[in-house]
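These notes are about the structure you will find just below.
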Amino acid sequence: KVGGFMKAIPRRVLAVLSNLPLAIGEMFTIAGLMALGTVIDQGEAPDFYFQKYPEDHPVLGFFTWRWVLTLGFDHMFSSPVFLGTMVLLAVSLMACTYTTQIPLVKVEFHAVT
Numbered sequence: 046k047v048g049g050f051m052k053a054i055p056r057r058v059l060a061v062l063s064n065l066p067l068a069i070g071e072m073f074t075i076a077g078l079m080a081l082g083t084v085i086d087q088g089e090a091p092d093f094y095f096q097k098y099p100e101d102h103p104v105l106g107f108f109t110w111r112w113v114l115t116l117g118f119d120h121m122f123s124s125p126v127f128l129g130t131m132v133l134l135a136v137s138l139m140a141c142t143y144t145t146q147i148p149l150v151k152v153e154f155h156a157v158t
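Following my numbering, the numbering of the sequence shown begins with 46 at its first residue and continues without gaps.
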């Protein structure tokens, strides 16, 4: 039962996950990763990234092929960073639903009956 599982999670964790500024930050992070996935060519061979993002001339002073390949930015939309951020947003939305929306529905339901 979902309600039983959610009650097992400490309220402090639910409070953090249902925080609106956190959800907004997650959405901005996802938007930034999507923009990066648009700028960085996807699905190329490692040699392509070695040439385009060399260590001796890093983009923006720090961004090299190591960042692209280590973080999976060469396949952004299936990378652990992108998918993890999406999962975190989904968990935040579920926490918000559980802590805010469901109690509001219960109050409205009891007010009507």
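Where is the CB? At the ideal position from N, CA and C, for every residue including glycine.
- In this structure, the alpha-carbon of residue 102 lies about 20 Å from that of residue 90.
- Taking one beta carbon from each stretch, the region 133-142 and the region 62-77 have 3 or more pairs nearer than 8 Å; the two touch.
- Of 152, 142 and 154, the smallest CA-CA separation from residue 68 is found for 142.
- Exposure of residue 79 is indicated by the presence of fewer than 16 other C-beta atoms within 10 angstroms of its C-beta.
- Between the C-alpha atoms of residue 110 and residue 71 there is a straight-line separation of about 25 Å.
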